[in-house]
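The numbering of the sequence shown is full-length UniProt numbering, which starts it at 1 and goes up by one. Even glycine gets a Cβ: it sits at the ideal position worked out from N, Cα and C. In this text the structure is predicted, and so the values were computed from the model without any measurement.
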Amino acid sequence: MVAEARRIRNQQRSDAATVLQRAIRTFLLRRRARNIVRELLEVQQRAEEMKRWASTLVQSYWRRRQAHHRVREERKIQRTRWKQLVDTYNQHGAGYGAPFFYNQVNGEIRWRLPRDLLSLTVRPTCAQCETPDSASFECSTCSEFFCDHCDVVVHGGGKRRLHNKRKLFDFYGRRRDYGDGEFPSIWPSEILQDAARGYDFEKLVPRDSYQDMLWEISRFVPVSTGNWDDELAAAKAAEAATSPAVALAFATMLSESASAKPNNTSTIDTDSDGLGRPSGPKHHLLYREQDFDENGVSLWESFYDYGQEEYRYYHRISKRVVTQLPGQAQQ
Numbered sequence: 001m002v003a004e005a006r007r008i009r010n011q012q013r014s015d016a017a018t019v020l021q022r023a024i025r026t027f028l029l030r031r032r033a034r035n036i037v038r039e040l041l042e043v044q045q046r047a048e049e050m051k052r053w054a055s056t057l058v059q060s061y062w063r064r065r066q067a068h069h070r071v072r073e074e075r076k077i078q079r080t081r082w083k084q085l086v087d088t089y090n091q092h093g094a095g096y097g098a099p100f101f102y103n104q105v106n107g108e109i110r111w112r113l114p115r116d117l118l119s120l121t122v123r124p125t126c127a128q129c130e131t132p133d134s135a136s137f138e139c140s141t142c143s144e145f146f147c148d149h150c151d152v153v154v155h156g157g158g159k160r161r162l163h164n165k166r167k168l169f170d171f172y173g174r175r176r177d178y179g180d181g182e183f184p185s186i187w188p189s190e191i192l193q194d195a196a197r198g199y200d201f202e203k204l205v206p207r208d209s210y211q212d213m214l215w216e217i218s219r220f221v222p223v224s225t226g227n228w229d230d231e232l233a234a235a236k237a238a239e240a241a242t243s244p245a246v247a248l249a250f251a252t253m254l255s256e257s258a259s260a261k262p263n264n265t266s267t268i269d270t271d272s273d274g275l276g277r278p279s280g281p282k283h284h285l286l287y288r289e290q291d292f293d294e295n296g297v298s299l300w301e302s303f304y305d306y307g308q309e310e311y312r313y314y315h316r317i318s319k320r321v322v323t324q325l326p327g328q329a330q331q
């Protein structure tokens with residue numbers, strides 16, 4: 001009986017241990033599964049964040065590129081090059097010999113000074129305080145110019161508040177462009193322009209000072225405004241491309257008769273076209289660099305390029321990087 005009771009107790013202990021082990025293994029498996037799921041979710045979240053960051057980066061670069069193109073186009077649109085001409089055959093309907101301003105960039109025609117030329121004129125004097133170069137308003141009713149302070153004093157109250165006036169400059173201090181307007185004009189700035197010219201746009205006939213005006217037009221230098229940097233850069237590049245040095249360099253590079261000498265000395269070879277070209281190493285002429293200094297020490301140094309996973313060479317003066325030394329590349 002005692003042995004049977006001991007056997008039954010051991011069996012119960014074994015069953016209880018099996019149940020505990022099964023429960024613990026189930027708990028550990030569930031915890032591991034939760035950790036794996038959490039890690040997968042974190043990886044997925046990081047991937048989504050990386051995708052969002054990459055898309056935002058690409059969009060920002062694209063917007064910046066489009067913005068650069070837009071700014072370049074706007075600068076091209078804002079370019080002007082004004083010159084004075086005379087309508088000899090009345091092609092524009094303002095009379096024979098009428099003077100006008102012509103924009104060589106977009107072909108615009110103006111009978112009065114455009115904004116770019118108005119900005120070069122002297123700022124009017126205030127008629128109230130007589131301060132030079134201070135006028136900010138013009139009044140067609142008073143036919144006078146006023147600065148900011150005097151405009152408030154003169155037109156700040158009473159019936160003068162109803163006077164017809166306008167600003168000469170915008171918020172950024174640039175001269176306002178109101179177009180050609182009408183002839184005759186009611187604004188003092190346009191009246192002064194018309195009086196100073198040798199042509200009457202109201203009667204469409206020349207004045208007594210017409211010959212003087214023609215003489216001034218003949219001496220008028222075209223005025224260019226706006227950003228012309230890219231045009232200047234293109235002109236310089238074209239000039240460099242057609243320069244004798246660059247032409248000689250590329251002719252030497254393409255010439256089959258040019259060969260390197262063992263002692264790095266250059267001689268003059270004459271091709272079939274009659275042009276003398278140095279027969280030394282081509283990179284000496286193209287990059288204006290030498291292989292050795294005055295002491296005979298090589299100017300090329302080797303370094304390990306981890307991106308290309310190979311040893312390469314760079315020139316200590318020109319900083320040019322090559323895979324093979326120029327002497328080895330020619331052999």
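Asked                                                                                                                     : Found
Which of helix, strand or coil DSSP assigns to Thr80                                                                      : strand
Outcome for Asp271 when other beta-carbon atoms lying within 10 angstroms are tallied against a minimum of 16             : Caution is warranted here: a pLDDT of 46 is assigned to Asp271, below 50, making its placement in the model unreliable, and the coordinate value is therefore given only provisionally. Looking at its Cβ environment, which holds fewer than 16 other Cβ atoms inside 10 Å, Asp271 is exposed.
Three or more C-beta pairs below 8 Å linking the stretch 123-130 and the stretch 141-158                                  : yes
Where the alpha helix (DSSP H) containing Ala195 begins and where it ends                                                 : Pro188 to Ala196
DSSP three-state assignment for Phe145, whether helix, strand or coil                                                     : strand
Within 8 Å, strictly: CB atoms of Ala58 and Arg81                                                                         : Before going further, note that residue 58 is Val rather than Ala in the sequence given. Not closer than 8 Å, so no.
C-beta contact flag for Ser143 and Pro188 at 8 Å                                                                          : yes
Cβ-Cβ distance between Leu223 and Leu299 below 8 Å                                                                        : Note on residue identity: the sequence assigns Val, not Leu, to residue 223. Result no, Cβ atoms of Val223 and Leu299 do not sit closer than 8 Å.
Status (buried if at least 16 other CB within 10 Å, exposed otherwise) for Ala98                                          : buried
Ser55 burial status per 10 Å Cβ neighbour count (16 or more: buried)                                                      : exposed
Boundaries of the beta strand (DSSP E) in which Ser224 is found, first to last residue                                    : Val223 to Thr225
Inside the stretch 29-64 only - alpha helix (DSSP H) runs reaching at least 4 residues                                    : none
Rounded C-alpha distance that separates Glu190 from Asp133                                                                : 17 Å
Cut-off 6 Å between Cβ atoms - residues of its own chain near Phe27, not counting five sequence neighbours on either side : none
Whole-number beta carbon distance between Cys147 and Ser140, since they are thought to touch under 8 Å                    : Not a contact, Cβ separation roughly 17 Å.
Bridge partner(s) assigned by DSSP for His315                                                                             : Trp300
CB contact flag (Arg112, Gln193, <8 Å)                                                                                    : yes
CB of Pro114 within 8 Å of CB of Phe101, strictly                                                                         : yes
Extent of the continuous beta strand (DSSP E) to which Tyr102 belongs                                                     : Ala98 to Asn103
Beta-carbon proximity check, Glu138 vs Leu162, cutoff 8 Å                                                                 : no
Burial state of Lys165 (16 or more Cβ within 10 Å)                                                                        : buried
Inter-residue spacing [alpha-carbon to alpha-carbon] between Thr323 and Arg32                                             : 53 Å
Backbone secondary structure at Arg219 - three-state DSSP                                                                 : coil
Coil, strand or helix - Tyr89 by DSSP                                                                                     : coil
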